[in-house]
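Enquirer:
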Amino acid sequence: MRRDWWLSLTLAVVLLSTACGQPLPATVGIERYSHGGPLRDHVSFVDHLRGKGYEVEPVADVRQPFLRAEGTVLRVSGRDFKSPVELQSYNYDDTDLGEDGLNAAEEDASKIGPDGQPRAMSILWAGQPHFYRKERVIVLYLGEDKVVLDLLADLLGPQFAGGSTDEASCSPGPREPVEQPPLNVLWEFWPQTLAEAEERATAVVLARVTGVESPPEGARRTSFGGRRITLEVVRPLQGTPDKAIRLFWGWTEEQYDENDPPYRLCEEYVLFLEPKADEQGTHLVVSPLGRYQVEEGKLQPVAKQAGGIPVPSWVRELRGKSVGYLEQELANTGKVSHSATSGDLADFYTSEMRGHTSSRGLGASGR
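The sequence shown begins at 43 in the numbering used here and counts up one residue at a time.
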């Protein structure tokens, strides 16, 4: 009996030594096939992803202030994904929570609005949020990759909150042909500091273009277009704007100021807004310096220069920064005034001395 035990132990050591001395096959440690059973929690979610042939790597713990469960960031790659994708998976386990996880997941899901924002707070998401739930797991995806959305819907069912998953609903299409070169005009309001722009604005928003109205009859081939743009507020950065905003844009696609180019469906912008005095319920952008296109979460100033007057340094410094960075800067302007640099003022006065006359941009506010 003792001899048999010793032989078994020796054999185990030999096998272990052999395994350590050889590289493991690439598939070892990656579950390619599901263990079977329904998807009902975090573990089975990961299992089903791997069962479909995706590689899943847990990379970090994560928490959201409006969810009581702790989450795991999963990096998912392989198959039809062009690049790795990060998903947040929140596991509602009875033991971990000290309560009924199924009920807790249902209650937490009910506290998230249809737009993906918690009802009790506002979150600046790094991308378009999409929430899914299956029994004891809530999954959050920040992005708009149709392949990812289709996979999550297949595994977890339709999203219960978040942005649109229909690509056809957001198709910008080609720009209308420009018959005349863009104009370059001086604007009445050309703020030299962020504080000036903030003081003029009644609200600062991150918004998505949802509609572009046609110009009035007879105005199509003039510079006095007067189109109205409808926008959905993704997140208010300052002020308390309505969820939907109507914006006046005073040009046409045939002729417009190069600092105030046409809006296209689905584009996202950060806009500094003020009411249009003669049209109730309609807003204006305070200045081209208050309009920033958001591409992959980064700010891109729209303005270049106006009549030779350069863009101030505070605008240039925002290029490539995140929306969250600007939000923090806006919060700071209430504490410390942002002063124009000597270079800004020198450039401005030099331009004025060169004979630039003060004229209002046709698209400017206050006209």
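Here a beta-carbon is modelled for each residue, glycine too, at the ideal position from N, C-alpha and C. Bear in mind the structure is a predicted one, so any value in this text is a computation, not a measurement.
My understanding is that A345 touches N301, with C-beta atoms under 8 angstroms, so please give their C-beta distance in whole angstroms.
Expert: For this step, residue 345 is matched to residue 303 along the sequence shown. For this step, residue 301 is matched to residue 259 along the sequence shown. Going by Cβ atoms, the distance from A345 to N301 rounds to 4 angstroms, so yes, they are a contact pair.
Enquirer: Given K285, which residues of its chain have a CB within under 6 angstroms of its CB, disregarding the five upstream and five downstream residues?
Expert: Indexing the sequence shown from 1 puts residue 285 at position 243. Correct list, in chain order: V275.
Enquirer: Which value, in whole angstroms, describes the spacing of the CA atoms of P352 and G95?
Expert: Here residue 352 corresponds to residue number 310 of the sequence shown, with the count starting at 1. Here residue 95 corresponds to residue number 53 of the sequence shown, with the count starting at 1. Going by the C-alpha atoms only, they are around 54 angstroms apart.
Enquirer: State the start and end residues of the unbroken alpha helix (DSSP H) segment that holds V276.
Expert: One-based indexing of the sequence shown puts residue 276 at position 234. Segment 269-280 is the beta strand (DSSP E) holding V276; no alpha helix (DSSP H) there.
Enquirer: Pull up the distance between the alpha-carbon of P317 and that of R242, whole angstroms please.
Expert: Against the sequence shown, residue 317 aligns to sequence position 275. Against the sequence shown, residue 242 aligns to sequence position 200. So the alpha carbons of these two residues sit roughly 10 angstroms apart.
Enquirer: Is there contact here, the stretch 137-146 with the stretch 182-198, by at least three beta-carbon pairs under 8 angstroms?
Expert: No, they do not touch.
Enquirer: Please work out which residues of its chain come closer than 6 angstroms, Cβ to Cβ, to G253, disregarding the five sequence neighbours upstream and downstream, and give them in chain order.
Expert: For the purposes of this step, residue 253 is taken as residue 211 along the sequence shown, with counting starting at 1. Once the five neighbours on either side are set aside, the close Cβ partners of G253 are T272.
Enquirer: Can you give me the C-alpha to C-alpha distance between I287 and P330, rounded to a whole angstrom?
Expert: For this step, residue 287 is matched to residue 245 along the sequence shown. For this step, residue 330 is matched to residue 288 along the sequence shown. For I287 and P330, the distance between alpha carbons rounds to 18 angstroms.
Enquirer: Whole angstroms is fine: what's the gap from L7's alpha carbon to D192's?
Expert: No information on residue 7 is available, as it lies outside the stretch 43 to 409 that the chain covers here.
Enquirer: Taking the beta carbon of D299 as the centre, do at least 16 other beta carbons fall within 10 Å, making it buried, or is it exposed?
Expert: By 1-based counting over the sequence shown, the position of residue 299 is 257. So D299 counts as buried.
Enquirer: Can you check DSSP and say which residues form a bridge with A147?
Expert: Residue mapping note: residue 147 aligns to position 105 of the sequence shown, counting from 1. Answer by DSSP bridge pairing: none, since A147 is not bridged.
Enquirer: Could you give the DSSP three-state label for E337: helix, strand or coil?
Expert: Reading the sequence shown from its first residue, position 295 is the one you call residue 337. The answer is strand: DSSP assigns E337 an E or B state.
Enquirer: Looking only at its chain, what residues have a beta carbon closer than 7 angstroms to the beta carbon of P219, apart from the 5 residues adjacent to it on each side?
Expert: Stepping through the sequence shown from its first residue, residue 219 is reached at position 177. Low per-residue confidence applies at P219: pLDDT is 47, beneath 50, and the placement is therefore not dependable enough to give any value.
Enquirer: What is the residue span of the alpha helix (DSSP H) that T374 lies within?
Expert: Here residue 374 corresponds to residue number 332 of the sequence shown, with the count starting at 1. Residue identity check: residue 374 is Asn in the sequence provided, not Thr. That run of the alpha helix (DSSP H) goes 365-375.
Enquirer: Is G362 buried or exposed, if buried means 16 or more other CB atoms sit within 10 Å of its CB?
Expert: In the sequence shown, counting from the first residue as 1, residue 362 sits at position 320. Classification for G362: exposed.
Enquirer: Tell me whether F314 sits in a helix, a strand or coil according to DSSP, three-state version.
Expert: Here residue 314 corresponds to residue number 272 of the sequence shown, with the count starting at 1. Three-state result, F314: strand.
Enquirer: DSSP three-state label for G169, please.
Expert: By 1-based counting over the sequence shown, the position of residue 169 is 127. Three-state result, G169: coil.
Enquirer: Do L368 and L279 have their beta-carbon atoms positioned less than 8 angstroms apart in this structure?
Expert: Here residue 279 corresponds to residue number 237 of the sequence shown, with the count starting at 1. Here residue 368 corresponds to residue number 326 of the sequence shown, with the count starting at 1. The answer is yes: Cβ separation under 8 angstroms.
Enquirer: With the cut-off set at 8 angstroms, would you say H84 and T114 are in Cβ contact?
Expert: Walking along the sequence shown from the start, residue 84 turns up at place 42. Walking along the sequence shown from the start, residue 114 turns up at place 72. A contact, by the Cβ cut-off of 8 angstroms.
Enquirer: Are three or more beta carbon pairs between the stretch 303-322 and the stretch 243-251 nearer than 8 angstroms?
Expert: Judged by Cβ distances under 8 angstroms, the stretch 303-322 makes contact with the stretch 243-251, as three or more pairs qualify.
Enquirer: Shortest alpha-carbon distance to D196 belongs to which of G204, S206, V179, Y174?
Expert: Within the sequence shown, residue 196 is the residue found at index 154, counting from 1. That would be Y174, whose Cα lies nearest to the Cα of D196.
Enquirer: According to DSSP, simplified to helix, strand and coil, what is V190?
Expert: Here residue 190 refers to the residue found at position 148 of the sequence shown. The answer is helix: DSSP assigns V190 an H, G or I state.
Enquirer: Closer than 7 angstroms by C-beta to P3: which residues in its own chain qualify, once you throw out the five before and the five after it? Chain order, please.
Expert: Outside the shown range of the chain, which is 43 to 409, sits residue 3, and nothing can be said about it.
Enquirer: Helix, strand or coil for R105? Go by DSSP, reduced to three states.
Expert: The residue labelled residue 105 in the question sits at position 63 within the sequence shown. Coil, per DSSP.
Enquirer: Select from A319, E240, W232, L326 the residue whose C-alpha is nearest the C-alpha of W293.
Expert: For the purposes of this step, residue 293 is taken as residue 251 along the sequence shown, with counting starting at 1. Nearest of A319, E240, W232, L326 to W293, Cα basis: L326.
Enquirer: Per DSSP, which one or two residues make a beta bridge with N133?
Expert: Within the sequence shown, numbered from 1, the residue matching residue 133 stands at position 91. DSSP, once it has assigned bridges, lists V179 as partnering N133.
Enquirer: Can you say whether A162 is buried or exposed, counting buried as having 16 or more other CB atoms within 10 angstroms of its CB?
Expert: As a first step, residue 162 is located in the sequence shown; it is residue number 120 there, counting from the start. Flag for A162 reads exposed.
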